[in-house]
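Reviewing the structure listed below.
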Amino acid sequence: MASTTAPVPLPERLTRIWDTAPGLYGVLATVDHKVIGKRYLVTSMIFLLLGGAEAAMMRAQLARANEQLLSPEAYNQIFSMHGITMIFWYAAPVLSGFSNYLWPLMLGARDMACPRANALSYWTFLMSGVFLYTSVLVGAVPDRGWFAYAPLTEAAYSPGLNMDFYAIGLTFLSVSTTVGAVNFIVTLFKTRAPGLSVNRLPIFVWGTLTTSFAILFAAPALTAACVLLYFDRRFGTHFYDPALGGSSLLWQHLFWSFGHPWVYVVVLPAMGIVSDLIPTFCRRPLVGYTLVALATVSTGILGFGVWVHHMFATGINATASSFFSAASMVITIPSAIAVFSWLATMWHGRPVFKTPMLFAAGFIVLFVIGGVSGVATAANAYDLQLTDTYFVVAHLHYVLIGINVFAVMAGFYYWLPKITGRMLDERMGKLNFWLMFLGFGVGFFPMHTLGLLGMPRRIYTYADGLGWGWQNMWVTIGAYVFALGVVVFIVNFFWSLVNGAEAGSNPWDAPTLEWATPSPPPPYNFARIPIVASRHPLWEDRINEGTGRSVLETGPMLDKGRDTFGTTPLDAEPDEILRMPEDTAWPFFLALSVLVLAYGLLFGLIWLAAIGVVGLFICIIGWFMPSHEPALTLER
Amino acid sequence: MATSANPYDLPINPARESNPGWWAMVLIIVTEGMLFAYLLFSYFYLGSMTIGPFPSDGPPKLELALPNTIILLVSSGTMYWAERGIRAGNQTRLRLGMLITLVLGIVFLTIQGIEYSHKTFALQTNAYSGLFFTITGFHGAHVFVGLLLNIAVQTWAWRGWFTAERHLAVTNAALYWHFVDGVWLVVFFSLYITPYFR
Chain A
209 MASTTAPVPL PERLTRIWDT APGLYGVLAT VDHKVIGKRY LVTSMIFLLL
259 GGAEAAMMRA QLARANEQLL SPEAYNQIFS MHGITMIFWY AAPVLSGFSN
309 YLWPLMLGAR DMACPRANAL SYWTFLMSGV FLYTSVLVGA VPDRGWFAYA
359 PLTEAAYSPG LNMDFYAIGL TFLSVSTTVG AVNFIVTLFK TRAPGLSVNR
409 LPIFVWGTLT TSFAILFAAP ALTAACVLLY FDRRFGTHFY DPALGGSSLL
459 WQHLFWSFGH PWVYVVVLPA MGIVSDLIPT FCRRPLVGYT LVALATVSTG
509 ILGFGVWVHH MFATGINATA SSFFSAASMV ITIPSAIAVF SWLATMWHGR
559 PVFKTPMLFA AGFIVLFVIG GVSGVATAAN AYDLQLTDTY FVVAHLHYVL
609 IGINVFAVMA GFYYWLPKIT GRMLDERMGK LNFWLMFLGF GVGFFPMHTL
659 GLLGMPRRIY TYADGLGWGW QNMWVTIGAY VFALGVVVFI VNFFWSLVNG
709 AEAGSNPWDA PTLEWATPSP PPPYNFARIP IVASRHPLWE DRINEGTGRS
759 VLETGPMLDK GRDTFGTTPL DAEPDEILRM PEDTAWPFFL ALSVLVLAYG
809 LLFGLIWLAA IGVVGLFICI IGWFMPSHEP ALTLER
Chain B
1050 MATSANPYDL PINPARESNP GWWAMVLIIV TEGMLFAYLL FSYFYLGSMT
1100 IGPFPSDGPP KLELALPNTI ILLVSSGTMY WAERGIRAGN QTRLRLGMLI
1150 TLVLGIVFLT IQGIEYSHKT FALQTNAYSG LFFTITGFHG AHVFVGLLLN
1200 IAVQTWAWRG WFTAERHLAV TNAALYWHFV DGVWLVVFFS LYITPYFR
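Top to bottom, those sequences are chains A and B. Going by the working numbering, the first residue of the first sequence is number 209, and it counts up by one from there. Going by the working numbering, the first residue of the second sequence is number 1050, and it counts up by one from there.
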């Protein structure tokens, strides 16, 4: 490092500082946010495929009346795992993948603020998923639905390890989510490029930031719910047992206190993806940036005040119902602000319908339909008719597929060229979009009418002559067409890796900082730290925004170590240098210790749990052991 | 910032309360605090739903819990004294303060264990007993973690690894310890004091 004689070119110098070691150690020890982001994306897409395979089995079973493909027990397991996998192990982690990969690039930094915590959040995500799916090997798959209502989940009614996998697995995943959320918030506070003040952040960053705060405040509710459930099941406590002072509604309150904020966790960053991508394809800045940013934050806050709308049918009193019904309606305001902002941007711009923009447009359509059915279920009186019918299933799929999966697909078509350096094929992309969009409409719209006709959710089959048969056949056909669209995406991805056109640094002529780096970006992201003067650093010459000009080519090098700027929280003025930690395998072993602990708790093996706890503490101490060299020896 | 200025004039990883590690600890405390909030919500919710006495055997006695609360509060003071010491470069204050904190923490857990052994109910007796042991037990587990952090940081302190400039591990361990004490005040008020209001 920092040789004084033969000068090594800057990129090479930085690569030596930032590159991950080769071999197995590098695989386990890397803290590069781009590697972690890619792992998040790939792992969560594998969970999407698993959840999708489960959906395919369910739709085969439901296509006709009195079908016998699956037993009732198998059906219970499959619909439970479908929900758990999609909501917990796909929908949020896939957005974490985008955020991990993109945040430092968008923020003009060289890594996340806590790179080792970043590695930990991935490893715990992966291992909690492995833990959940080992339930298949043991033959004790969670089978009481993704929201696992007590008292059905109590040991008396759900013997076996099935629901223990659920309770321990979700608590395990909370570790990952929480660590990730802490890291995003600290990153936003600390590591932005000089000049990237909060009013210049991409909306996607606002989305993930809001989400991260929501996780810190909401995830403990799920942890508390699951811990109490585990205690009830394993130690014979009575938290959810009305006979001895407990309450089955306690589970519902805790679960939905977590559950509704979680809805915004899996949609706000996705809305951010669309808010940032529409301007690029409409060739103009987003209309109402400030309003959309504020709408994002206020949705996140309002999301904490609506959980009881999941519980209208439990017999809570009318005053409480009315309050939560009204609070739920209020959320339409920030949502509508976002929708009208997207429409106005398209109206005032010149939309170019490349694949990412197609997905973004489809997203808006589904967002509106899902929003309207959401207002329907928020209305107390109407909801009493709809609770536990397929109408709710329709609504939640419009929200989760419409607002999450379509945005994720848009994000893949938009940013995969940055990640892989290759463009995806446009013709396959369009086929991909239309298969998914039409398949979705055919598959999920009839669920509304099925619900209105009274078809309950979670039934493994139904009698002939109820008038549900042909609509269910439609749903199944639509679902398989949708799945075909996913297959086209996978084919397109692998085909384009080899045959795709070179992307170059900015194939879409986009305005934000991530497009100022080569595709794929080098390990150090930016050879020179950018100094930002506006919201659209790469469009400044055209739109004459603000007074100054961003500095992209001649900024500071910071080449004496793994360095990036530490900046002030609001105005992003550099006030220190952050020397980032080296690669380390401690996070991997820490996650492994938690896995051992989880199995110890699952099987009731105290010695195994003890090994996990001891490993945990060894890893924490190894990780945080301070360097005992004096500060002065840090090279400047 | 002018591009010509040497960025390395800025301090590198200064030990102050804007360090990423400090922020991370603050945010972890926020989320841990929420965990206690949800557990206490469960306590008050089930209490409000219970017909008949809650707690089932009357309000808990204060003769052990009150002195124990004072012990924990004092330990926060000694931790503060130690942490302020290393900020001024005083190794003795750091080591002594953390040692006293450790002893007080162990005394707290011991007294809590004695109180547990005097209880007439068990974890499985009813929902109240479960909540009592779960909430105080979760707090006890946090005290235990705080003590382990104390032991690790103290080991490094006795080796002289901290200076007035570099002591983030001390600051974070102290922050966590103050949180554990602060949350006890809330737990103590909820579980030991509010039953007397009924």
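In this text, a Cβ means the ideal position worked out from N, Cα and C, and glycines have one as well.
Classification of residue i by the beta-carbon crowding that lies within 10 angstroms, buried from 16 upward
i               : result
residue 1062(B) : buried
residue 500(A)  : buried
residue 276(A)  : exposed
residue 1137(B) : exposed
residue 575(A)  : buried
residue 702(A)  : exposed
residue 622(A)  : buried
residue 221(A)  : buried
residue 358(A)  : buried
residue 1188(B) : buried
residue 596(A)  : exposed
residue 562(A)  : buried
residue 279(A)  : exposed
residue 311(A)  : buried
residue 1217(B) : buried
residue 580(A)  : exposed
residue 192(A)  : Missing from the structure shown is residue 192(A); chain A here goes from 209 to 844 and no further.
residue 1238(B) : exposed
Cβ-Cβ separation, residue j to residue i (assumed contact under 8 Å), whole Å
i               : j               : result
residue 1248(B) : residue 1233(B) : A query on residue 1248(B) cannot be resolved here, the shown segment of chain B reaching from 1050 to 1247 and no further.
residue 298(A)  : residue 340(A)  : That pair is no contact at about 12 Å.
residue 1155(B) : residue 1113(B) : Going by Cβ atoms, the distance from residue 1155(B) to residue 1113(B) rounds to 16 Å, so no, they are not a contact pair.
residue 1071(B) : residue 1175(B) : No, residue 1071(B) and residue 1175(B) are not in contact; Cβ-Cβ is about 42 Å, not under 8 Å.
residue 320(A)  : residue 228(A)  : Contact doesn't hold; Cβ gap of about 15 Å is too wide.
residue 549(A)  : residue 494(A)  : 6 Å
residue 537(A)  : residue 471(A)  : Going by Cβ atoms, the distance from residue 537(A) to residue 471(A) rounds to 15 Å, so no, they are not a contact pair.
residue 930(A)  : residue 710(A)  : Summary: the structure shown does not reach residue 930(A), with chain A confined to residues 209 through 844, and so no result is reported for it.
residue 1202(B) : residue 1229(B) : Not really, about 14 Å apart at Cβ, beyond 8 Å.
residue 763(A)  : residue 739(A)  : 5 Å
residue 848(A)  : residue 659(A)  : Residue coverage of chain A in this structure runs from 209 to 844, which leaves residue 848(A) outside it and unanswerable.
Cross-strand partners of residue i (DSSP beta bridge)
i               : result
residue 774(A)  : 784(A)
residue 597(A)  : 664(A)
residue 376(A)  : Looking at the DSSP assignment, residue 376(A) forms no beta bridge with any residue, so it has no partner.
residue 759(A)  : 739(A)
residue 1120(B) : Looking at the DSSP assignment, residue 1120(B) forms no beta bridge with any residue, so it has no partner.
residue 710(A)  : 630(A)
residue 1061(B) : 785(A)
Proximity below 9 Å, CB of residue i to CB of residue j
i               : j               : result
residue 300(A)  : residue 474(A)  : yes
residue 400(A)  : residue 775(A)  : yes
residue 804(A)  : residue 830(A)  : no
residue 680(A)  : residue 715(A)  : no
residue 769(A)  : residue 225(A)  : yes
residue 442(A)  : residue 788(A)  : no
residue 570(A)  : residue 633(A)  : no
residue 453(A)  : residue 1165(B) : no
residue 336(A)  : residue 377(A)  : yes
residue 505(A)  : residue 1183(B) : no
residue 628(A)  : residue 730(A)  : no
residue 1089(B) : residue 1194(B) : no
Proximity test, residue i beta-carbon vs the ligand SAH heavy atom, cut-off 8 Å
i              : result
residue 486(A) : Of the ligands one can find in the structure shown there are none, so the ligand SAH has no counterpart to examine.
Practice problem: Please name the residues in the stretch 301-327 of chain A whose beta-carbon is closer than 8 Å to at least one beta-carbon of chain B, in chain order. | Solution: 321, 322, 325
Self-check item: Short-range partners of chain B found in the stretch 778-795 of chain A, where Cβ spacing is below 9 Å
Solution: For the stretch 778-795 of chain A, which is checked against every Cβ of chain B, the residues closer than 9 Å are 781, 782, 783, 784, 785, 786, 787.
Self-check item: Contact set between the stretch 373-403 of chain A and chain B, restricted to residues whose Cβ is under 7 Å from the partner
Solution: 386, 390, 393, 394, 397, 398, 402
Quiz item: Mind listing which residues of the stretch 1172-1203 of chain B have their C-beta closer than 7 Å to chain A's C-betas, in chain order?
Solution: 1172, 1173, 1175, 1176, 1177, 1179, 1183, 1197, 1201
Quiz item: Of all the residues that make up the stretch 330-348 of chain A, which are near chain B by a beta-carbon distance shorter than 8 Å?
Solution: Going along the stretch 330-348 of chain A in chain order, one finds no residue with a Cβ nearer than 8 Å to chain B.
Practice problem: Taking a Cβ distance cut-off of 7 Å, strictly less, list which residues of the stretch 1058-1091 of chain B are near chain A, in chain order. | Solution: 1059, 1060, 1061, 1062, 1063, 1069, 1072, 1073, 1076, 1077, 1079, 1080, 1083, 1084, 1087, 1088, 1091
Exercise. Report the residues of the stretch 1096-1107 of chain B with a CB closer than 8 Å to any CB of chain A, ordered along the chain.
Key: 1098, 1099, 1103, 1105
Exercise. Give, in chain order, every residue of the stretch 1117-1138 of chain B whose Cβ lies closer than 7 Å to some Cβ of chain A.
Key: none
Quiz item: For the stretch 431-445 of chain A, which residues have a beta carbon sitting closer than 9 Å to at least one beta carbon of chain B?
Solution: 431, 432, 433, 435, 436, 439, 440, 443, 444, 445
Practice problem: With 8 Å as the C-beta to C-beta threshold (strictly closer), list the residues of the stretch 1210-1244 of chain B near chain A in chain order. | Solution: 1210, 1211, 1212, 1214, 1215, 1217, 1218
Quiz item: Which of the residues in the stretch 821-836 of chain A, read from start to end, lie with their CB under 9 Å from any CB of chain B?
Solution: 825, 828, 829, 832, 833, 834, 835, 836
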